[in-house]
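J.: My structure is below; once you've seen it, I'll send some questions.
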Amino acid sequence: MIGIVDYSLGNIQNIKNALEKLGQDFILSSRKEDLMECDAIILPGVGHFGEAMNTIEALGIKEDLIELAETKRMVGICLGMQLLFEYSEEGDAAGLGLLQGRVRKIDTDHTIPHLGWNTLNSGYDALDQRDAYFIHSFMVTRSPHIIATADYGVDVPAVAQYENVIGIQFHPEKSGDAGLEILRKAIKGGFQ
Amino acid sequence: MIKKRIIPCLDVKDGRVVKGVNFVGLRDVGSPVELAKRYNDENADELVFLDISKTQDGHDLMLDMIRETAKELFIPLTIGGGIRSVDDIRQLLNAGADKVSINSAAIKNPELIREASDTFGSQCVCVAIDVKYDNERKDYYVYTHGGSKATDIKAFDWLKQAADLGAGELLITSMDHDGVKEGFDISFLKEAVKLVNIPIIASGGAGNIEHFVELFNETDISAGLAASIFHNQKVEIKDLKEKLNEEGFEVRLS
Chain A
1 MIGIVDYSLG NIQNIKNALE KLGQDFILSS RKEDLMECDA IILPGVGHFG EAMNTIEALG
61 IKEDLIELAE TKRMVGICLG MQLLFEYSEE GDAAGLGLLQ GRVRKIDTDH TIPHLGWNTL
121 NSGYDALDQR DAYFIHSFMV TRSPHIIATA DYGVDVPAVA QYENVIGIQF HPEKSGDAGL
181 EILRKAIKGG FQ
Chain B
1 MIKKRIIPCL DVKDGRVVKG VNFVGLRDVG SPVELAKRYN DENADELVFL DISKTQDGHD
61 LMLDMIRETA KELFIPLTIG GGIRSVDDIR QLLNAGADKV SINSAAIKNP ELIREASDTF
121 GSQCVCVAID VKYDNERKDY YVYTHGGSKA TDIKAFDWLK QAADLGAGEL LITSMDHDGV
181 KEGFDISFLK EAVKLVNIPI IASGGAGNIE HFVELFNETD ISAGLAASIF HNQKVEIKDL
241 KEKLNEEGFE VRLS
């Protein structure tokens with residue numbers, strides 16, 4: 001069972017569709033008791049880092065998420081990935097601090113947002129040279145946990161992994177068959 | 001690097017795809033779900049559905065259609081047509097749309113762009129602009145209501161304003177070129193792309209593969225959209241992408 005963290009931010013319908021396509025049971029909840037029953041937790045998110053953390057604090061689930069990550073596989077997607085880190089300049093806010101690194105505006109000569117399909121570069125066969133759909137304006141920096149990047153004038157962190165915590169900057173649920181396979185691996189034990 | 005995007009656009013009325021769809025091998029050519037699956041398999045990079053119903057029933061059927069389509073479509077889906085408010089946008093996003101495209105309503109009320117991008121994030125707000133050259137006034141002007149109503153708004157001013165208000169992307173249709181199939185409006189697009197720092201989808205005029213090669217050679221536009229030439233398979237997306245790849249453009253091949 002997969003638990004999708006329900007904190008009313010962003011569009012989770014397509015993550016649900018992707019899990020259905022993968023034949024994966026899931027629940028949507030913000031209650032720790034429910035999420036404790038799950039094998040893996042997906043932290044979705046689209047929008048503004050500071051506001052997302054405010055919502056998480058207001059719901060009183062920040063400590064729960066940190067505690068869940070001690071025993072459960074925790075997969076953050078898009079903004080959900082960024083929330084796993086220590087800090088973001090978007091809203092000047094602290095994140096969950098499950099991964100080392102800081103989030104800042106993408107510093108590139110190209111158009112912002114970084115929008116569209118880009119190729120992953122990775123030492124992991126399951127990720128390397130896969131095409132993925134990105135749409136974001138902020139990115140992780142100064143992190144030792146990045147296992148895949150995409151070239152956008154600057155190396156944009158695409159996947160982070162440390163122990164049982166995984167962050168995916170792109171939208172695996174919108175990245176075709178390659179994306180679905182990456183999502184499946186992320187919730188089933190990570191990238192080896 | 002980011003890849004050039006190829007985007008088919010489907011006109012939808014009362015939950016059914018209309019106009020010029022002539023796919024071989026589809027049981028039901030009017031079914032958005034079947035067409036979406038087809039384009040998904042052909043490696044289209046995104047899909048745009050344009051709702052031309054203009055009725056409440058049509059709007060409701062569109063929502064059902066998006067829900068069904070999104071179950072089988074694992075590439076981004078943009079919905080346009082008749083969007084007037086933040087509530088309209090919320091309904092579409094909740095049904096499974098990834099982006100919405102706002103056109104006439106944004107002209108009437110530009111603040112809708114800001115409201116939408118503040119509420120949902122600029123990444124899901126695409127502003128669609130229909131542009132036509134005015135021979136008397138010697139400039140490009142914006143048209144609304146599916147290109148049927150002229151305005152006094154200069155196209156170059158409006159696209160800058162839309163970007164400033166928080167649009168995440170622009171979809172620009174050159175009406176002089178639309179349906180003529182003699183190529184994109186290169187001179188307009190070349191200027192447009194210099195004025196904003198957000199991605200632009202070019203629409204109107206694509207009649208063959210070479211037109212896309214020309215678009216990407218001559219401008220910094222990141223995406224090309226077309227309708228009938230994809231639906232009637234005059235241009236196969238696979239062939240188009242292989243050609244672009246040969247020409248040295250990065251495209252998603254699988």
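Protein chains in written order, with full-length UniProt numbering: chain A, 1 to 192; chain B, 1 to 254. The beta carbon of each residue, even a glycine, is placed where N, CA and C say it ideally should be.
1. Taking the alpha-carbon positions, what's the B/K241 to B/G207 distance?
2. If you count every other CB in all the chains shown that lies within 10 Å of the CB of B/S148, and 16 or more means buried, which is it?
3. Please return the same chain residues whose Cβ sits closer than 7 angstroms to the Cβ of A/P113, not counting the five positions on each side in sequence.
4. Would you mind working out which of B/F212, B/K234, B/A97, B/L225 sits nearest B/N245, comparing C-alpha positions?
5. Going by the DSSP bridge assignment, what does A/A132 pair with across the sheet?
6. Looking at the unbroken alpha helix (DSSP H) that takes in A/M36, where does it start and where does it end?
7. State the DSSP-derived secondary structure class of B/K100, mapped to helix, strand or coil.
8. Is B/I89 helix, strand or coil by DSSP?
9. Taking its Cβ as the centre, do 16 or more other Cβ atoms sit within 10 Å of B/D87, making it buried, or is it exposed?
10. Classify residue 194 of chain A as buried or exposed, calling it buried when 16 or more other Cβ atoms lie within 10 Å of its own Cβ.
11. Classify A/P66: buried if its beta carbon has 16 or more other beta carbons within 10 angstroms, exposed otherwise.
12. Applying a beta-carbon distance threshold of less than 7 angstroms, which residues of chain B neighbour A/T111?
13. Count the other CB atoms within 10 Å of the CB of B/A150; is the residue buried (16 or more) or exposed (fewer)?
14. What does a CB cutoff of less than 6 angstroms around A/R184 pick up in its chain, not counting 5 residues either side in sequence?
15. What is the residue span of the beta strand (DSSP E) that B/T144 lies within?
16. For the alpha helix (DSSP H) that A/T55 lies in, which residues bound it at each end?
17. Find the residues of chain B that neighbour A/E173, judging by a C-beta separation of less than 9 angstroms, and give them in chain order.
18. Given this structure, state the Cα-to-Cα distance separating A/Y152 from A/S29, to the nearest angstrom.
19. Does the beta-carbon distance from B/V12 to B/M65 come in below 8 angstroms?
20. Any beta-carbon of chain A closer than 8 angstroms to the one on B/K71?
21. Taking the beta carbon of B/P8 as the centre, do at least 16 other beta carbons fall within 10 Å, making it buried, or is it exposed?
22. Closer than 9 angstroms by beta-carbon distance: list the chain B residues that pair up with A/E20, in chain order.
23. DSSP three-state label for residue 198 of chain A, please.
24. Rank B/E111, B/G166, B/M175, B/Q161 by C-alpha distance to the C-alpha of B/Y140 and give the top, closest one.
25. Is it buried or exposed, B/K54, if we count other Cβ atoms within 10 angstroms and call 16 or more buried?
26. Going by beta-carbon coordinates alone, are A/F49 and A/S88 separated by less than 8 angstroms?
27. Mind checking if B/G168 is an interface residue toward chain A, Cβ cutoff 8 angstroms exclusive?
28. Within this structure, are the beta carbons of B/I200 and B/I6 separated by less than 8 angstroms?
29. Can you tell me the Cβ-Cβ gap for B/L225 and B/S203, rounded? I've got them flagged as a contact below 8 angstroms.
30. Given that B/K13 touches chain A, what residues does it touch there, using C-beta distances under 7 angstroms?
31. For B/D51, tell me which candidate among B/T69, B/E250, B/K190, B/V18 has the shortest Cα-Cα distance.
32. Just curious, the alpha helix (DSSP H) that B/M62 is in, first and last residue?
33. Would you mind working out which of B/I79, B/N109, B/K3 sits nearest B/G15, comparing C-alpha positions?
34. Which partner residues of B/K13 appear in the DSSP bridge assignment?
35. At 3 residues or longer, what runs of the beta strand (DSSP E) sit wholly inside the segment 136-184 of chain A?
36. Could you give the DSSP three-state label for A/D92: helix, strand or coil?
T.: Once the coordinates are examined:
1. 15 angstroms
2. exposed
3. I135, H136, S137
4. B/F212
5. A/N118
6. 32-36
7. Reading the sequence as shown, one finds Val at residue 100 of chain B and not Lys. DSSP places B/V100 in strand when its eight states are reduced to three.
8. helix
9. exposed
10. Residue 194 of chain A falls outside the range modelled here, since chain A spans only 1 to 192, and no answer is possible.
11. According to the sequence as given, residue 66 of chain A is Ile; it is not Pro. With fewer than 16 Cβ atoms within 10 Å of its Cβ, A/I66 is classed as exposed.
12. N197, I198, P199
13. exposed
14. L22
15. 139-144
16. 49-58
17. F74
18. 35 angstroms
19. yes
20. yes
21. buried
22. K71
23. Chain A is shown only over 1 to 192; residue 198 of chain A falls outside these bounds and no answer can be derived.
24. B/M175
25. exposed
26. yes
27. yes
28. no
29. 4 angstroms
30. Here the premise fails: no neighbours, minimum Cβ distance about 24 angstroms.
31. B/V18
32. 56-70
33. B/I79
34. B/R16
35. 138-141, 146-151, 155-162, 165-168
36. coil
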